[in-house]
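Trainee: Chains as they are written, first to last, in our numbering: chain A, 1 to 249; chain B, 250 to 610; chain C, 611 to 683.
Dropping a structure here in structure tokens format, bear with me for questions.
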Amino acid sequence: MSTVFKKTGGLTDTPFSYCPGCTHGIIHRLVAEVLEELGILDRSITIASVGCSVFAYDYFNTDALQSPHGRAPAVATGVKRMHPDKIVFTYQGDGDLASIGAAEIIHAANRNENITVIFVNNAIYGMTGGQMAPTTLYNQVTTTTPLGREAISGAPLKMSEMIATMEHIAYVERCMAADGPSIMKTKRAIRKAFECQMNNEGFSMIEVLSSCNIGWKLSPVESLNYIKNTMTQTFPLGVFRERKNETNH
Amino acid sequence: MSKVEFLKGNEAIAKAALNYGLEAFFGYPITPQNELIETMSNIMPANGRVFVQAESEIAAINMVYGAAGAGARVMTSSSSVGIALKQEGISFCAGSELPCVIVSVSRSGPGLGGILPAQSDYHQSVYGGGNGDYRVIVLAPASVQEAVDDVGKAFVLAEKYRNPTMVLLDGAIAQMMASVKLPTEPLPYPDNTSWAASGAAKERGSRNVINSLYLDPTKLYAHNQKLHAKYREIAKNEAWLIDHQPESHDGAIIAYGTSAKIALGAVQRLKDEHGLNVKCIQLRTLWPFPKQALKEAIKGMKFALVAEMSMGQLFQDVLAFTRTDTVIGYVGKAGGEIITSDDIVLGYLAQMGGEQIEHSV
Amino acid sequence: MPKGKVTFEEALCKGCELCVHACPKKILKLDGQRVNANGYKVAIIFDPEECIACGLCAMFCPDTVITVERLAQ
Chain A
1 MSTVFKKTGG
11 LTDTPFSYCP
21 GCTHGIIHRL
31 VAEVLEELGI
41 LDRSITIASV
51 GCSVFAYDYF
61 NTDALQSPHG
71 RAPAVATGVK
81 RMHPDKIVFT
91 YQGDGDLASI
101 GAAEIIHAAN
111 RNENITVIFV
121 NNAIYGMTGG
131 QMAPTTLYNQ
141 VTTTTPLGRE
151 AISGAPLKMS
161 EMIATMEHIA
171 YVERCMAADG
181 PSIMKTKRAI
191 RKAFECQMNN
201 EGFSMIEVLS
211 SCNIGWKLSP
221 VESLNYIKNT
231 MTQTFPLGVF
241 RERKNETNH
Chain B
250 MSKVEFLKGN
260 EAIAKAALNY
270 GLEAFFGYPI
280 TPQNELIETM
290 SNIMPANGRV
300 FVQAESEIAA
310 INMVYGAAGA
320 GARVMTSSSS
330 VGIALKQEGI
340 SFCAGSELPC
350 VIVSVSRSGP
360 GLGGILPAQS
370 DYHQSVYGGG
380 NGDYRVIVLA
390 PASVQEAVDD
400 VGKAFVLAEK
410 YRNPTMVLLD
420 GAIAQMMASV
430 KLPTEPLPYP
440 DNTSWAASGA
450 AKERGSRNVI
460 NSLYLDPTKL
470 YAHNQKLHAK
480 YREIAKNEAW
490 LIDHQPESHD
500 GAIIAYGTSA
510 KIALGAVQRL
520 KDEHGLNVKC
530 IQLRTLWPFP
540 KQALKEAIKG
550 MKFALVAEMS
560 MGQLFQDVLA
570 FTRTDTVIGY
580 VGKAGGEIIT
590 SDDIVLGYLA
600 QMGGEQIEHS
610 V
Chain C
611 MPKGKVTFEE
621 ALCKGCELCV
631 HACPKKILKL
641 DGQRVNANGY
651 KVAIIFDPEE
661 CIACGLCAMF
671 CPDTVITVER
681 LAQ
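Structure below.
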């Protein structure tokens, strides 16, 4: 008898606080599996943010710091500059990274901090009850866009595309956790991002389109279809930056 | 061993911090502390230490939070408006019990205010603007040399109590040049940083988490009680003032920082020109406030005058904390002008023998 | 002969049905008879003979409830 699938040692035994069907749990597991498989669990430092994933410090089986809202890339900068040999990653949602923390993520990327950012984009503020996020889609109904998002409250912010313009960074990819192949692809992307950091190539960010079935008022299964069929129209998947393939200047 | 150099206050603080064994500095430009970050940008990398010019004061204090949480000796500096932006991060450092040093070079306010010296950030420093029941140790130097010495003391206190510690000076001290003795040896590093999230879970055998989130109210209350017990300990051990003329006197000037330096001249003039026997009491820590020592120092006096470059912030606290028969007077100005010995002498003469006023305004 | 064995750590299950949706053999369902300590209906395998040990149910499970083993043939 051989094991096909069992829980990774990269996660602690603390049960996730996420709502039933929330794909945060899948993304957590992928990150933890990658840390374990790369053999870097013991020298990794998790930087948790504020939002649904605020308890990430309880879930990843690593040293961890919990950051003020939006400041995870600055906290990660402080940690990584002191410990360049350790693996430092932030785990941030769209409100944390793309709204209140927009300055910190842009400047951490622009300094090409040798950190990895796991950016979970579910186009809504889940923790606070489903308000509009900077990544909320046009016409998407939230508790603060009751008639659907219109241009007057901004366009869905495309962070991967924006971050990819930074001069020196190593890797940016947008994935989704919506079906078997996309989950496996997300894991490969996360692995690549951590490998960039291990090779001292610099800043890497993986954006993962994720579900918020409660906030979206859909079933967990319908939410996966919403990611695949609707979110990807606004947020196309793909590699936006891979410095390895570029000519050196 | 120490060596003497002729330096601007900001430069002296930077060089002293390096020599005390600073491992990382994160800052952002703001007048009047610019020479501090400029000096750091030079001497930190040259000595193999970490320097980052952050994108904002908010980012800088969060880099401090990260580096301190990872076990480093770390510092940031800023001024009034910038310190306002750092308050969230300072609250996080206090809540997570992280040692760090914040140098606050205050200018005048409110709002953008002006760039000339003031002491209007007394409340900001002592009472903070961050959320929650937390305390920051605040040292108040009155000269460049005291600023240099206080930076060392700040590292010691921050690491001893695992608490953010502030050195509060005004722009006058930061911008003036003086001959100062700089430290030449690093301070001993703390024996125990086993709490730090340094990515060494394997060596340690367990993982470390730096966190200030406690959703369970009983746990948060216990955490607050633990912090409070520490603050009581700090208040007991570290409250500090200098009674410049400890022998008995008829009256006193109570001041800190630049105002205390001016007050030293004013008490001499009160003696020489008016035959009044008045002492200068210089507050060296603003939190913990040296309540007991101040009460002792003004015991039996009919009158003591608070001199400050703010609009009664210190006066109000002195009044609240002393509660004696001594009438407490107030003289202050805030806006960038430095208080003069004339202000203090005239204020003393006008108010001595008067009734207790309750408010400065 | 089943090819695989699926085990559920029921206490962690939140009854989201993503495993039910993911299973290519459609042999998982929520147990209609009982709930766990958190009040969630729990996922069960109702036709274990059909399991092919593909692991998709575990890959979709957001709460690491599921362990999948391949049985020796």
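Think of the CB as a built atom: it goes at the ideal place given N, C-alpha and C, for glycine as much as any other residue.
Using the beta-carbon of each residue, which ones in chain C are nearer than 7 Å to M162/A?
Mentor: Correct list: empty, because the minimum Cβ distance to chain C is about 28 Å.
Trainee: Which residues in chain C sit within 9 Å of Y59/A, going by Cβ to Cβ distance?
Mentor: Here the premise fails: no neighbours, minimum Cβ distance about 10 Å.
Trainee: Sorted by chain position, which residues of the same chain lie with C-beta nearer than 7 Å to H249/A's C-beta, five sequence neighbours on each side aside?
Mentor: Here H249/A scores only 45 on pLDDT, less than 50, and its place in the model should not be relied on; the value that follows carries that caveat. There are no such residues.
Trainee: Does S357/B come out as helix, strand or coil in the three-state DSSP assignment?
Mentor: Here S357/B sits in strand by DSSP.
Trainee: Would you mind sorting Q565/B into buried or exposed? The rule is 16 or more other CB atoms within 10 Å of its CB.
Mentor: buried
Trainee: Per DSSP, T23/A is paired with what?
Mentor: Paired residue(s): none; T23/A is not in a bridge.
Trainee: For H249/A and chain B, any beta-carbon pair shorter than 8 Å?
Mentor: Unreliable placement is indicated for H249/A, whose pLDDT of 45 sits below 50; no coordinate value is reported for it.
Trainee: Quick one: which chain C residues come within Cβ less than 7 Å of T250/A?
Mentor: No statement about residue 250/A is possible, as the shown extent of chain A runs from 1 to 249 and does not include it.
Trainee: Does any heavy atom of the ligand MN sit closer than 7 Å to the C-beta of R481/B?
Mentor: Among the components of this structure there are no ligands whatsoever, and the ligand MN is therefore not found.
Trainee: Any chance you could list the alpha helix (DSSP H) runs of at least 4 consecutive residues sitting entirely within the segment 195-226 of chain A, in chain order?
Mentor: Positions of the alpha helix (DSSP H) runs, each at least 4 residues long and wholly inside the segment 195-226 of chain A, are given as 213-216 and 220-226 in order along the chain.
Trainee: For the segment 65-84 of chain A, enumerate the residues whose C-beta is nearer than 9 Å to any C-beta of chain D, in chain order.
Mentor: The structure shown has no chain D; the protein chains it does contain are A, B and C.
Trainee: If you measure beta-carbon to beta-carbon, which residues of the segment 7-37 of chain A are closer than 9 Å to chain B?
Mentor: T12
Trainee: Identify the continuous alpha helix (DSSP H) that holds I483/B and give its terminal residues.
Mentor: Counting along the chain, the alpha helix (DSSP H) containing I483/B begins and ends at P466 to E487.
Trainee: Check whether the Cβ of V393/B lies closer than 8 Å to any Cβ atom in chain A.
Mentor: no
Trainee: Verify whether the separation of the beta carbon atoms of G320/B and A512/B is less than 8 Å.
Mentor: In this structure, A512/B does not lie closer than 8 Å to G320/B by Cβ.
Trainee: Would you please verify whether the beta carbon of P220/A is less than 8 Å from any beta carbon of chain C?
Mentor: yes
Trainee: Can you tell me whether G93/A is buried or exposed, with buried defined as 16 or more other CB within 10 angstroms of its CB?
Mentor: Under the 10 Å beta carbon count, G93/A is surrounded by 16 or more other beta carbons and is classified as buried.
Trainee: Between the alpha carbons of D419/B and P348/B, how many angstroms are there, rounded?
Mentor: 23 Å
Trainee: Can you give me the Cβ contacts of R411/B inside the same chain, cut-off strictly under 6 Å, excluding the 5 residues immediately before and after it?
Mentor: Cβ within range, chain order: E346 and P348.
Trainee: Indicate whether the contact test is met: 3 or more Cβ pairs, each with one atom in the segment 412-431 of chain B and one in the segment 10-18 of chain A, closer than 8 Å.
Mentor: No, the segment 412-431 of chain B is not in contact with the segment 10-18 of chain A.
Trainee: In three-state terms, what does DSSP make of H249/A?
Mentor: Because the pLDDT at H249/A is just 45, under 50, the model does not fix this residue reliably, and the point stays unresolved.
Trainee: Closest by CA to E306/B, which one among I587/B, P278/B and I292/B?
Mentor: P278/B
Trainee: Measuring alpha carbon to alpha carbon, tell me which residue in L224/A, T232/A, M198/A and E161/A is nearest K86/A.
Mentor: For K86/A, the nearest C-alpha among the options comes from M198/A.
Trainee: The beta strand (DSSP E) with Q531/B in it runs from where to where?
Mentor: V527 to L532 is the extent of the beta strand (DSSP E) around Q531/B.
Trainee: Report back the beta-carbon spacing between P537/B and A501/B to the nearest angstrom; my notes put them in contact at under 8 Å.
Mentor: With a Cβ gap of about 20 Å, P537/B and A501/B do not count as contacting.
Trainee: Are the C-beta of A98/A and some C-beta of chain B separated by less than 8 Å?
Mentor: no
Trainee: Hey, is the segment 131-140 of chain A in contact with the segment 156-176 of chain A, meaning 3+ C-beta pairs nearer than 8 Å?
Mentor: yes
Trainee: Relative to the alpha-carbon of A546/B, which residue among H523/B, H498/B, Y505/B and G561/B has its alpha-carbon at the smallest distance?
Mentor: H498/B
Trainee: Using a C-beta cutoff of 8 Å, does I124/A count as contacting chain C?
Mentor: no
Trainee: Please decide whether F5/A counts as near chain C, where near means a Cβ-Cβ distance under 8 Å.
Mentor: yes
Trainee: Relative to chain A, which residues along the segment 437-452 of chain B have a C-beta separation below 9 Å, given in chain order?
Mentor: A445, A446, S447, G448, A449, A450, K451 and E452
Trainee: Take K528/B as the anchor and find which of R456/B, V400/B and I491/B has the nearest alpha-carbon.
Mentor: Minimum Cα distance to K528/B is reached at I491/B.
Trainee: How big is the Cα-Cα spacing for L598/B and G276/B?
Mentor: 44 Å
Trainee: Nearest CA to the CA of S590/B: which residue from E557/B, H608/B and G338/B?
Mentor: E557/B
Trainee: Within 8 Å, do at least three Cβ pairs link the segment 73-88 of chain A to the segment 474-482 of chain B?
Mentor: With a cut-off of 8 Å, the segment 73-88 of chain A and the segment 474-482 of chain B do not count as touching, because too few Cβ pairs lie within range.
Trainee: Roughly how far, in whole angstroms, is the beta-carbon of C629/C from the beta-carbon of G21/A, given that I think they are within contact range, below 8 Å?
Mentor: Rounded, the Cβ-Cβ distance is 10 Å, inconsistent with contact.
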